[in-house]
Structure formats: C-alpha cells, structure tokens
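If you read the protein sequences in the order shown, they are chains E and X.
What the first sequence shows, in the UniProt record's numbering, is residues 1 to 336, in sequence order.
What the second sequence shows, in the UniProt record's numbering, is residues 1 to 756, in sequence order.
Taking it in order: structure first as structure tokens, then the write-up.
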Amino acid sequence: MNNDLILLGHGSGGRLSHQLLDDLIIPQLSSVPVKGQNDAALLNIGGVKLAFSTDSYVVDPIFFPGGNIGDLAINGTVNDLAMMGARPLCLSVGFILEEGFSKEELSRILASMRQAADAAGVAIVTGDTKVVPKGKGDRIFINTSGIGALEHNLQIDGASARVGDKIIVNGCIGDHGIAVLSAREGLEIDSGIKSDSAPLNGLVTGLLTLGPALHVLRDPTRGGVATTLKEIALQSGVTVTLNEESLPINPGVKGVCAILGLDPLYVANEGKLLALVAPERADEALEIMRRHPLGRDAAVIGEVTETSAGKVQMETLVGGMRGVEMLAGEQLPRIC
Amino acid sequence: MTTRQRASLEIDGIVQGVGFRPFVYRLALRLGLSGWVRNTGQGVQIEAEGEAEALAAFSRALREEAPPLAVVTALRLTHLDAVGEEGFVILDSAKKGHGGEVSPDCDVCEDCLKELFDPDNRRHLYPFINCTNCGPRYSIITGIPYDRPATTMAGFPMCDDCLAEYHDPLNRRFHAQPNACPVCGPRLSLFDAEGAPVAGDPLQQALAALKAGRVVAVKGVGGYHLAVDASNEEAVTLLRRRKKRDEKPFAMLAADLDAVRRHVHCSELEGRLLSGVESPIVLMRKRPESTVSPLVAPGNGWFGFMLPGNPLQHLLARGVDSPLVMTSGNLSDEPIAYRDDEALRTLSGIADFFLTHDRDIHTRTDDSVIRLYRGEPLFLRRSRGYVPRAVALPGEQARVLAVGAELKATLCLTRGGQGFMSQHIGDLKNAATLTSLEESAAHLGRLLEITPEVVAHDLHPDYLSTVYGQGLGLPCVAVQHHHAHMASCMAENGLDGEAIGVILDGTGYGSDGTIWGGEFLVGGYAGFARRGHFGLMRMPGGDAAVREPFRMALAALYRLHGAELFLQPLAVCGEVQEGDRPLFLKMLEKGINAPLTSSCGRLFDAVSALLSVRHRISYEGQAAIELEALAETGAADEAYPYLVAGEGSHVLEFGPAIAAICADLAGGKSRADIARAFHRTVAAGIVEVCRRIRAEHGEERVVLSGGVFQNRLLTEDVAGELTAEGFQVYCHRLVPPNDGGLALGQAVIAGRALGK
Ligand SMILES: [Fe+3]
Ligand SMILES: [Mg+2]
Ligand SMILES: [Zn+2]
Ligand SMILES: [Zn+2]
C-alpha cells in the first residue's frame, strides 16, 4: 500500500485520522501549540469567552431512518459546541452541490435543517453555496461552523478526567451507525433502528449545574465510544475501565451487530454524550440525564480507575479484562 | 625441561548459574593447573597455567565434559606468558558486561532426586531441593548478574549447612543461587478456597483432596496449575464447569514413563522428550484402554502428558495412583496466574485448595507443548524449559526487538547471530497479557543486556503488538505476516537465498490490505513475491467467522448456490434463524464486514462446519483440530477436484471440492472418509502449485510454516508428496509454526534490512 496517499481510513476518526492531524495538518496550520484535540476551540475576544467549531458532512446515504444530512449537520456542530460546555448561538452553513442534484431533495434537507436549528435554539446567520460538475462530488456535502457562548469558569475538556470519575452515557449506543449502514446497504431490517441524531445542548445545560464535578463531556461520533474514551484516556493520562454488562444497547442494534460481527463500541453515534463526573455527584448526574427526554436510558458504563499512559480496558461478560484500542480505520479481522 | 604455558580462555554460551565455575575448578585441580576463573558479563573467563598437554586436555574437556545445563557456544583461546602462579581460585564476577545468557528453568537432576526420596537426607521430601545442575532459573531471576540477591530467593538467608555447601568448590551446590533446605528455605503451605490455612502437612492434605476428587491449585515453577484426578470423571467435569472451559483439552501429569504408556502410545523419542530436563507437555495418541476420563480431551485422538518438572510435581505424582490433570491456572482468556494474591483472587471460584509456597515467581512461564511430526518434534508452544535459550540466526545482524503477532504473542530479541525468543505471552487482547508483553520486553532486554536498535512488528495496523511497537520511539520495520512466518522457518533451518514458502494459517494482514492465509511466496529475508494463493472466500462477520465456523461454511455454499444457499439440505444452514437470513445474505452479497480472504484455516473451518463437526468453537483452532481427528479415522485414495486458475499468480480454487463434498454428504458417504479426502485434496493442490512455481523459477526448496501446519495429517501429506516430487522440504523444529514463532521471522527480516 502506498504511504503517500490519503486512504479512506484517514477519515474514520481512528488512529489514521489522528496521525494525519498530528503529523501533517496541525504542524502546518496551527498557530498555537495543540495538546490533544477537543470538539471546539475556546476563544477570548475582548473579554468575551466563546467556543468555535466546524464540521463537514458527507454521509451516504443522505436520507436515513431518523434523519438526514441536513439535521446531522446542524446537530453535529451544536453538539461540538455543547461538549465544551458552551451555549450554541449561531451557525454558518456551506453547501457543495453536485450538478444534477434534485431540488426537491435539497428542499427537504433545508426544511429539516431549519427544524433542527429551531430545536437547538441556534440561528443560521451566514452561508455559502457552490456547485461542482457531475461526478466531481456526491450529490450534497455540507459544512457547518458555529459559535457558542461560554458562560461559566469550569474546566471541561478531554484532559480533565480524574481517578474515580464515573463515566455516564445518556442512552443506547450504536444506533446512528447501524441506521446509516442499513439504509446505505438496503438491509431492510425492520427492528426500527433509527439514527439518534439530536441536539445535546439542552441536556448539557442541565449537567452544568453540577459545577466543578463535571470534568469531561464528549460526543462519541465517528469511531464510537471506544475511540472517544481512548482519546480522553490519552489526553488525561488515565486508565478507563468499562463494564461490558452495563453498556446500554438497543436489542435491534445488538442483533444486527451480532450477525454482522460488528462491535457496537466502535459504531458511530450522533445524539450521545459521555460525561465524566466526580463520583460523589454521579448519581445526581444520572438523575439529571434521566429527567431529560434524550437521557432516559442513561447509564454509568465505567470509571476512571488509575493514572497511567492512557489505557482503556473493559471487564467482559465472562469476567475477563480486555484492552480497548483505537482502530487504525475500519474493523478488520485479526485472529490468526 | 618442562614447558610451562599460560592461556586465557573466554567461553560464551549458557555458562553461568549452571555449575560451570566449580566444574572448571575441579578440572583444573585434576589436571594440576593453576590460575583462576570468573564470570564476566557475557560468559566465563579463565586464565590457566601448567604443562602444555594438561592445558590442551583442559580446553578439550571444557567442551566435552561441561555440566548438563551448560551450553558452550564459543571458546576463544589466547596464549600468554607464564607467570608462575600457584593454586587455582574462583574469583568474584567481573562487574561490567555486554550480555551473557540465562539458563531456562529445569527439572531436578538425578542426584537431587535421589536425595529427595532418601529418608536419611536432610532434604528428604523437601520440594525446593536444587543444585547447580538443576532447579529454577529464568522464572526466579529478577536481574543481573545472576546471584542470589537478583533472584526471588533473596529473602531467604542460607543456614550454616547450606552456606557451607554454597562456598565449597567441590560441592554440587557451590554457588547454587537457589540453594535451600527445610531449615532456611521456602516452605509449602495449603489454603482453602477462602484463603484460610489448612492444618496438617500441606502435601499430604493436598494429596488427600486430590484423591477425594477436589480441585487443587498448585504453584509450579512458572505459574499456578489446576490439578484434579484425571480418572475421576466427576472431578474433571467439576473443573471444566468452574473453569468455563467446555472442551479444550487438559494436559496431564504422570509419575513416570510406565504410567504414561498405560494411556497413550509413546515412542522412544516421545519418551526421551518427556524425560528431558525441560519437561514439556507431549501430545501422544490415546490408547483405547486408557482409564483417563474422556472429558480430559474430548473430540480429540490425543492426550497431552508431562512428567514431573520440579520436585513438588515429583512428590505429587508419586503420591497418587492415576495421572493428574495439570492445566494452567487461569480464567478462560486470562494469562496463567503466577502471583499468590492474584491466584487466590482469580482461582478462588475454581480451586477448593491452594498448594502454594513463599518463593515468588518473577516471570510467568507456561508449559511448553510438543508433538511429533514425521518422527520429528514440533513445538506447538515453546516456553518453560526452553526459554530464553538462544536460537542461532543465519548470520550476524542488527539488534532487533520483534514484537510478534497478537493471539499467541512472543517476543524475539537479537544480539549478533543469536535470537532470544521469549516465553509464550498469550492473547494481547487481554489487558493483563498486554502488560506482560511490555514487562517481558523490558525484563528480557535487561537480562540479556540487549538494547534494540529497531523494532519489528506485524503489518496489521491494529495488532496490539503493532501499536505497542510503534510507541517505543525506535525506528520500526513493518513485516508482512506470512513473510515473517516464512523467514522464521528459513532462519531456524539456516537457509539463505530464496525459497518457496507455503504459508498456511488463519488470517494475516496482506501487503495489499486484504486478508491472507493460504499463500505461496517466493523470496527470502530481503523480500518476497506472492506467486499464488488459495481462492478467495468471504469471511462474513470478520472475526465472528473465526469463532463461528458455520459462517465460513455458508460463505462457501454462497459461492456455489448464491441466494439459494439456505435451501440446501445441510444441518449447517440451521445455524442462522429464518428471520436473520435476509441480513446474512445481504452481508455476503454486499461484502458488509465480510472481507475476502485467501485463508487456509478458514477453508478448514468451512469444511468442518459443512460436515457438522463443529459449527461454533470454544477454543482456537477447534474446528480444524476435530476435523483432523475425524479424518484420521477415515480412508480416501482419491482427492476431490480442485482448480488452479489465475495468471501470473496461481489461484488454488477449492470450489469444486466443496461441491463434491456436498454431493457425498447427500449420498450418505462416511464423514470420516470425506474429511480424509479433503485433507488429500488440499495437499494435492498445494503440491500442484509448488510444481508450477518450480517450473517457472527453478526453485527446489520449500519451507512450510503457519498455524495450519500443526495439522499432522496435512503436514505429512504435503511434506511427503513434495519430497516424493523431488523438493527439499523444510519444517519447523525450534520454534512453533503458529504465530508463537512469528517474532523470529520478523526479527531476521528487520535485522537483515538494517545490516550489522
Ligand atoms: Fe499466522
Ligand atoms: Mg466533530
Ligand atoms: Zn540437582
Ligand atoms: Zn539451609
């Protein structure tokens, strides 16, 4: 394989993506030293504290059970801002459209963007539209950037995990990835698996009442819960221990994953967050989540067990302890 | 009149901690030589002075009469001027060194064994008896130089009697670092499952428990074993249930060869392997009249036996009438327990009693496992008793740390022309095993004083060994999995230049990013070309297809019948429920998490499941192992049809064989005969591809490697036919053909790439 070319795996959110960022992109582009990556940048402009984030959406197919590329683009950036503990204020939207794309579909996408923005309480304030010749793009790509207000003095980021922290997820994992896969491949599964795409800023507002007990917020999107926890473990220099039994997974997702041999820990989510909370406030955090419609299935799935060089491990159903690593790209067979 | 001469002799090899200096001392006294001997960092250094003939006899005897555990790899002699020194002395170790060798752990010697059972000896029935010729080494060494303070015996000050032996150059225990006796040394104790001490003599109580059908955890040399009476069906069932290990064969301990021969056919060579100081487990064919419970090794024509490998095992084996199951003390996927607190914690739900002691194990080492192929021993696992003995490399090379594969991880460190393979480390997906890989790399490097210049790892980006290796901050060389298997077999056979590599295993990451596993490579250490491979099959569900071989059978049927596959009248189709079938078909049709593979192991899985030998496995390789066992009971003169297609690269297609197997199944033919014919078919196809490659390249040498070559039937078919066709065939003898031997190949490829 050629090491000089960009591979699909460089976009998987896994180790290859991190390498591309660390080896090529950040050294050339970043004006400040970066230690680990968070979901958004924190800015201080004339005494006003802001969060700023951007994301591009190239999902295939563009319509899937539970949503489409439009609401995904709104929710994704809203969530990235929310994960810094910021209150999302306004968004920009950039479209890259392929010649021949249907106006009717575009219109449906725009409608759901409008709805998603309203639901999240953000304004779309600026935008851009380009059209590329047929075959030079895939129907529609969307970029959104967003600005949020930081209205507290808490240190919420991936480097703030501490030994003892409980890891809480606001609901079942893997829904989005499986919904998109089944739509893309025409799997015709009628177990009602829908994308969990949703704005998490409301839920985060509730969690912020925990004050300094709230240490980390992250949305486990590409690469799933496994990859996100590995990032946190590395950034904070801790060991995270998961408990397989306590992972909330919809039976439908579990069934599809069992047949397809996929590990739900690595499957993408679009309406989930991981909150790392000091143990003495963990029950309270769980309560806050469960009171919110997006957190009814919230569960403690593990804890930070020790300081170390960034390990994630999982107590398995049979009682073993298995290491959890970030994958380079896609899930590949490895048993010899 | 006399020609008095002086010589300096430097000796490399395993010459420390094995009674080499007292041997030199006695030899010098016998030959009337004066001078001195001392340990250095890399071996032993001697200066000796005396008559010319005596000196000549001395240097001869250094090789020929060396003590049993010593391995002399080099002896350099330099002539010096005589200085008229008198007397011969043993000097303290020279401080600085650049890497000696470390002796493996070893069974008690004949002399110690006699003392162990001599009622008049002060070490009568003392389970920690040892001398310079025997005893624990690698597992108790914590650092270098090898002296008592650098072992887990550091906390046991010797009594006056032991000290006297230790300081007497003519005593068998002169500088025996683990020397001990009942007065000053480690002690045995027995605890119940809750960790409470049990009153009475620990050994006798443990024996009584075993006879009563209880499970006893026994602390061995390299870790804890779980023991039960192997002839007691209830006890074996109990152990299986508690260990959550439904079918994987258990190894057994028997008192002596006579006892072994009551249960298995044991050849003279097998007897010699069993009796060796390494005391490996040897797999031998079951005797029908064996009184051992069939649950010890279900679905398998073979029993694994070992003879006692340490004094405690001698005492245990002689104390019971039937063989004891002696299986590694671990939970299903965990590494074998070797620390006392950890053993009590992890094994308390399994063992009724713990027979343990207060000598710590520093390095966990599993038992080694050997099986005979074509009259030659083959390692299935190379660990206790052999590690860290050096493997001679085909030449000098750079210092490499090779980190192996993922499932049967071992490490290899190289120095000059020597490769040091680590003990079996295990499945790195287990968190504790990964930690043990990291610790072992550091520990072995320290003991052997090797600072690697380069790291060799597998090409698979997600192997935990790859991730570990890449994080070490050294230059890295990524080695393709099957190239490493091939180089491993070439290296241990001392081959240079090019050869044909027939590399058959489960799955490995290919140079093209696809999954390989049935490969015909042509090349050497410097590189290879893929000249052929097994036909591609989908692996529906990725690693799930390894755990559930029925998936491979369905993938094979899909190639023949497409969407109609579930209409076939085969038991294996019932493995996917009605409602899940559309999704399963989609997975095959669209290749969703169903990568294409040329794996040979997966082909065996497919056939095993087609014949309903094994639809799901409970231990690695089970489907193929049981298919082989079935084939051994069958007969077949003819092979099934197969195809060799492809251009430039030969593609060995077994689709026609699968179709014929289905037809035979429908026709009610014996499954054993089908299994036998399938083995013949694979062998025939392999030989055909080798013939074609020879016609193109003129290459006559074939190396056989990869985990599939643990299949005795296939190995004998392939090796036999290739030899009959005039090929020179090379198999493994020193390291396993499976991934446990991979690190050696990685090390040589990377070391050669870097030069000296
Ligand atoms: Fe392999
Ligand atoms: Mg993002
Ligand atoms: Zn001895
Ligand atoms: Zn003593």
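Cβ atoms here follow ideal geometry from the backbone N, Cα and C, with glycine treated the same way.
Give a single yes or no on whether E:V312 has its beta carbon closer than 7 Å to a heavy atom of ligand 3. Translated into positions along the first sequence, residue 312 of chain E becomes position 312. No, Cβ of E:V312 sits at least 7 Å from all heavy atoms of ligand 3.
Return the CA-CA distance between X:H98 and X:E110, expressed in angstroms with no decimal places. Here residue 98 of chain X corresponds to residue number 98 of the second sequence, with the count starting at 1. Here residue 110 of chain X corresponds to residue number 110 of the second sequence, with the count starting at 1. Bear in mind that a pLDDT of 49 at X:H98, under 50, signals an unreliable position, so the model cannot answer this.
Would you mind telling me which residues of chain E sit closer than 8 Å to X:D366, beta carbon to beta carbon, in chain order? Residue numbering aside, residue 366 of chain X sits at position 366 when the second sequence is read from its first letter. Correct list: empty, because the minimum Cβ distance to chain E is about 17 Å.
Using 8 Å for Cβ pairs, my map puts E:L210 next to E:V300. What's the rounded Cβ distance? Indexing the first sequence from 1 puts residue 210 of chain E at position 210. Indexing the first sequence from 1 puts residue 300 of chain E at position 300. No, E:L210 and E:V300 are not in contact; Cβ-Cβ is about 14 Å, not under 8 Å.
Whole beta strand (DSSP E) elements within the region 171-241 of chain E, 3-residue minimum: Counting only runs of 3 or more residues that sit fully inside the region 171-241 of chain E, the beta strand (DSSP E) segments are 214-218, in chain order.
Is it true that the CB of X:C412 sits closer than 8 Å to the CB of X:S705? Along the second sequence, read from residue 1 onward, the residue named residue 705 of chain X stands at position 705. Along the second sequence, read from residue 1 onward, the residue named residue 412 of chain X stands at position 412. No. Outside cutoff.
Counting Cβ pairs closer than 8 Å, one from the region 74-91 of chain X and one from the region 46-56 of chain X, do we hit at least three? Enough Cβ pairs lie closer than 8 Å, so yes.
For the region 578-588 of chain X against the region 250-263 of chain E, do three or more pairs of beta-carbon atoms, one drawn from each stretch, fall closer than 8 Å, so that the two count as touching? The count of Cβ pairs closer than 8 Å, one atom from the region 578-588 of chain X and one from the region 250-263 of chain E, reaches three, so the stretches are in contact.
Where the alpha helix (DSSP H) containing X:G445 begins and where it ends: Counting from 1 along the second sequence, the entry for residue 445 of chain X is found at position 445. It spans 431-447 - the alpha helix (DSSP H) in which X:G445 sits, taken as one unbroken run.
Give the range of the beta strand (DSSP E) segment to which X:A499 is assigned. Here the question's residue 499 of chain X lines up with position 499 in the second sequence. Counting along the chain, the beta strand (DSSP E) containing X:A499 begins and ends at 499-509.
Can you tell me the Cβ-Cβ gap for X:R374 and X:P335, rounded? I've got them flagged as a contact below 8 Å. Residue numbering aside, residue 374 of chain X sits at position 374 when the second sequence is read from its first letter. Residue numbering aside, residue 335 of chain X sits at position 335 when the second sequence is read from its first letter. The pair is not a contact, with the Cβ atoms about 33 Å apart (cut-off 8 Å).
Does the structure place the region 10-19 of chain X close enough to the region 62-78 of chain X that three or more beta carbon pairs sit under 8 Å? The region 62-78 of chain X vs the region 10-19 of chain X: in contact.
Could you name each continuous beta strand (DSSP E) segment of 3 residues or more that falls completely within the region 582-656 of chain X, going from the start of the chain to the end? If we require 3 residues or more, the beta strand (DSSP E) runs fully inside the region 582-656 of chain X come out as 643-645, 650-653.
Cβ-Cβ separation, X:R187 to X:C131 (assumed contact under 8 Å), whole Å: Start at 1 with the first residue of the second sequence, and residue 131 of chain X comes out as number 131. Start at 1 with the first residue of the second sequence, and residue 187 of chain X comes out as number 187. About 19 Å; that fails the 8 Å criterion.
Collect the residues with a C-beta less than 7 Å away from any heavy atom of ligand 4 and give them in sequence order along the chain. Checking every Cβ against the heavy atoms of ligand 4 under 7 Å gives X:M158, X:C159, X:D161, X:C162, X:A180, X:C181, X:V183, X:C184, X:G185.
If you follow the beta strand (DSSP E) that residue 785 of chain X is in, where does it begin and where does it stop? Nothing in the structure corresponds to residue 785 of chain X, since chain X is present only between 1 and 756.
Taking just the CA atoms, how far does X:Q177 sit from X:D366? Residue numbering aside, residue 366 of chain X sits at position 366 when the second sequence is read from its first letter. Residue numbering aside, residue 177 of chain X sits at position 177 when the second sequence is read from its first letter. One C-alpha to the other measures close to 23 Å.
Taking the alpha-carbon of E:P48 as reference, which of E:G148, E:A111, E:P27 has the nearest alpha-carbon? Counted from its first residue, the first sequence places residue 48 of chain E at position 48. Note that residue 48 of chain E corresponds to Val in the displayed sequence, not to Pro. For the residues E:G148, E:A111, E:P27, the minimum Cα distance to E:V48 belongs to E:G148.
With H, G and I counted as helix, E and B as strand and the rest as coil, what does DSSP make of X:D458? If you number the second sequence from 1, residue 458 of chain X lands on position 458. Of the three classes helix, strand and coil, the one that applies to X:D458 here is strand, per DSSP.
Tell me E:D55's beta-bridge partners as DSSP assigns them. As a position in the first sequence, residue 55 of chain E is number 55, starting the count at 1. DSSP output for E:D55 lists E:T144 as bridge partner(s).
Report back the beta-carbon spacing between X:S293 and X:V236 to the nearest angstrom; my notes put them in contact at under 8 Å. On the second sequence, residue 293 of chain X is found 293 positions in, with the first residue counted as 1. On the second sequence, residue 236 of chain X is found 236 positions in, with the first residue counted as 1. Contact between X:S293 and X:V236 holds: CB atoms are separated by about 5 Å, below the 8 Å threshold.
Identity of the residue in X:R559, X:L55, X:G532 nearest X:A659 by Cα: For this step, residue 659 of chain X is matched to residue 659 along the second sequence. Taking only the C-alpha atoms, the option nearest X:A659 is X:R559.
With distance defined between alpha-carbon atoms, name the residue in X:G501, X:M537, X:A409, X:V277 nearest to X:H697. Position 697 of the second sequence, counted from the start, is the residue given in the question as residue 697 of chain X. For X:H697, the closest alpha carbon among the candidates X:G501, X:M537, X:A409, X:V277 is that of X:G501.
Proximity test, X:D543 beta-carbon vs ligand 1 heavy atom, cut-off 7 Å: Within the second sequence, residue 543 of chain X is the residue found at index 543, counting from 1. The answer is no for X:D543.
With a floor of 4 residues, list each alpha helix (DSSP H) that falls wholly inside the region 527-560 of chain X, ordered by position along the chain. DSSP runs (the alpha helix (DSSP H)) wholly in the region 527-560 of chain X: 544-547.
Where does the unbroken alpha helix (DSSP H) through X:Q204 begin, and where does it stop? Taking the second sequence and counting its residues from 1, one reaches residue 204 of chain X at position 204. Run containing X:Q204: 202-211, per the alpha helix (DSSP H) assignment.
Would you kindly check if the distance between the Cβ of X:D107 and the Cβ of X:V277 is under 8 Å? The residue given as residue 277 of chain X occupies position 277 in the second sequence. The residue given as residue 107 of chain X occupies position 107 in the second sequence. Yes; because the gap between Cβ atoms is below 8 Å, this pair is in contact.
Mapping the DSSP letters down to three states, classify X:V228 as helix, strand or coil. Here the question's residue 228 of chain X lines up with position 228 in the second sequence. Per DSSP, reduced to three states, the secondary structure at X:V228 is strand.
Taking 8 Å as the CB-CB cut-off, is X:A402 touching chain E? Along the second sequence, read from residue 1 onward, the residue named residue 402 of chain X stands at position 402. Not closer than 8 Å to any Cβ of chain E, the Cβ of X:A402 fails to qualify, so no.
Quick one: which residues of the region 194-224 of chain E get their C-beta closer than 7 Å to a C-beta of chain X? List them in chain order. Of all residues in the region 194-224 of chain E, none places a beta-carbon less than 7 Å from a beta-carbon of chain X.
Are the C-beta of E:V131 and some C-beta of chain X separated by less than 8 Å? Position 131 of the first sequence, counted from the first residue, corresponds to residue 131 of chain E. By this cut-off, E:V131 is not an interface position.
Enumerated in chain order, which unbroken segments of the beta strand (DSSP E) with a length of 3 residues or greater are wholly contained in the region 259-331 of chain E? Under the rule that a run must span 3 or more residues, the beta strand (DSSP E) segments found entirely inside the region 259-331 of chain E read 274-277, 299-307, 311-315, 321-323.
E:L317 versus E:E244 - alpha carbon distance: Looking up residue 317 of chain E in the first sequence gives position 317. Looking up residue 244 of chain E in the first sequence gives position 244. Looking at the two C-alpha atoms, the distance is approximately 6 Å.
How many angstroms separate the CA atom of X:M153 from the CA atom of X:N133? Position 153 of the second sequence, counted from the start, is the residue given in the question as residue 153 of chain X. Position 133 of the second sequence, counted from the start, is the residue given in the question as residue 133 of chain X. In a straight line, the C-alpha of X:M153 is about 17 Å away from that of X:N133.
Once you ignore the five residues that flank X:E233 on each side, which residues in its own chain have a CB closer than 6 Å to its CB? Within the second sequence, numbered from 1, the residue matching residue 233 of chain X stands at position 233. Hits under 6 Å: S293.
Taking 8 Å as the CB-CB cut-off, is E:L260 touching chain X? In the first sequence, the residue the question calls residue 260 of chain E occupies position 260. With respect to chain X, the C-beta atom of E:L260 has a partner C-beta closer than 8 Å.
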